[in-house]
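Student: In the working numbering, the protein residues as written are 11 to 289.
A virtual CB, placed ideally from N, CA and C, is assigned to each residue, including glycine.
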């Protein structure tokens with residue numbers, strides 16, 4: 011038995027013992043140890059009970075990526091636990107698996123709401139906006155849009171008001187397309203990326219031109235210049251942050267570059283999103 015086989019067996023045993031039989035529809039009965047029985051895990055994973063027993067005993071050999079995926083599902087592993095299982099079993103992280111946005115936790119919403127003067131959103135790898143704070147209404151009122159239209163690319167290429175607000179629309183559009191391509195590919199969202207690209211290519215010759223260019227840009231940060239009619243030009247720097255435990259999501263925060271920008275942004279927030287201010 012190799013060291014990796016022993017570690018894999020120990021990890022499988024620990025995750026199996028952490029599961030509650032009743033919550034998964036199994037009778038408690040007389041069980042000698044906590045958690046599911048080996049044959050129950052094997053059944054859930056669709057693998058041989060004998061081979062699963064050998065895996066736990068450290069003599070089952072190297073499992074395939076497909077077998078580890080099925081075991082991760084059977085054992086109801088979190089993303090972090092799934093990655094750890096692959097590192098032990100195969101010596102590498104699992105392939106990227108895209109999971110469409112499923113909403114955010116109240117904790118993440120509180121993070122957004124704690125920034126009353128900094129517009130902030132949480133978006134998916136395909137740039138659907140999942141959540142926002144009140145300050146972001148100064149830039150775009152996502153809550154007033156149909157769910158399908160809460161997508162940065164659709165807004166940039168289809169919303170005339172959003173287009174008019176950009177100081178240099180073409181540069182913004184080029185950056186958005188190149189960054190979207192990198193984000194979606196990195197997240198394994200190839201199917202979703204292609205579907206959205208085909209939709210926008212049919213509707214926007216400009217998008218089609220940029221998409222055929224195959225440009226890729228690294229996400230991270232930059233400067234955005236807006237011209238809202240209420241207050242005049244505003245220069246904002248934006249930063250993008252990963253969301254822990256949710257690799258398909260990213261937090262984007264906008265902050266004014268200078269004092270004049272801060273003053274104009276504050277007035278814009280007060281005008282477009284009354285009630286956003288803290289007492």
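Going by other Cβ atoms of all chains shown within 10 Å of its Cβ, with 16 needed for buried, is residue 180 buried or exposed?
Tutor: Numbered from its first residue, the chain shown carries residue 180 at position 170. By the neighbour-count rule (16 or more Cβ atoms within 10 Å), residue 180 is not buried but exposed.
Student: Residues in the same chain with beta-carbon distance under 7 Å from residue 67, minus the five sequence neighbours each way, listed in chain order, please.
Tutor: Your numbering for residue 67 matches position 57 in the chain shown. Hits under 7 Å: 19.
Student: Could you tell me which of 159, 124 and 145 sits nearest to residue 138, measuring between CA atoms?
Tutor: Indexing the chain shown from 1 puts residue 138 at position 128. With distances taken between Cα atoms, residue 138 lies closest to 159.
Student: Put residue 189 into one of helix, strand or coil per three-state DSSP.
Tutor: The residue you call residue 189 lines up with position 179 of the chain shown. Helix, per DSSP.
Student: With distance defined between alpha-carbon atoms, name the residue in 73, 61 and 121 nearest to residue 14.
Tutor: As a working mapping, residue 14 is identified with position 4 in the chain shown. Of the candidates 73, 61 and 121, the one whose C-alpha sits nearest the C-alpha of residue 14 is 73.
Student: Report yes if the C-beta distance between residue 118 and residue 236 is below 9 Å; otherwise report no.
Tutor: Counting from one through the chain shown, the residue named residue 118 turns up at place 108. Counting from one through the chain shown, the residue named residue 236 turns up at place 226. In this structure, residue 236 does not lie closer than 9 Å to residue 118 by Cβ.
Student: Measure the C-alpha to C-alpha separation of residue 283 and residue 155 and round it to an integer number of angstroms.
Tutor: One-based indexing of the chain shown puts residue 283 at position 273. One-based indexing of the chain shown puts residue 155 at position 145. Their backbone Cα atoms lie some 15 Å apart in a straight line.
Student: Under three-state DSSP, which class holds residue 231?
Tutor: Position 221 of the chain shown, counting from 1, holds the residue named residue 231. Residue 231: strand per DSSP, three-state reduction.
Student: Please classify residue 266: does DSSP put it in a helix, a strand, or coil?
Tutor: As a first step, residue 266 is located in the chain shown; it is residue number 256 there, counting from the start. Residue 266 falls in the strand class under three-state DSSP.
Student: Quick one: is residue 85 buried, meaning 16 or more other Cβ sit within 10 Å of its Cβ, or exposed?
Tutor: Counting from 1 along the chain shown, the entry for residue 85 is found at position 75. When all chains shown are included, residue 85 counts as buried.
Student: Would you call residue 270 buried or exposed, if buried means 16 or more other Cβ atoms sit within 10 Å of its Cβ?
Tutor: In the chain shown, residue 270 corresponds to position 260, counting from 1. Counting of Cβ neighbours within 10 angstroms places residue 270 among the exposed residues, the total staying below 16.
Student: Can you tell me the Cα-Cα spacing of residue 141 and residue 234, whole angstroms?
Tutor: As a position in the chain shown, residue 141 is number 131, starting the count at 1. As a position in the chain shown, residue 234 is number 224, starting the count at 1. One C-alpha to the other measures close to 20 Å.
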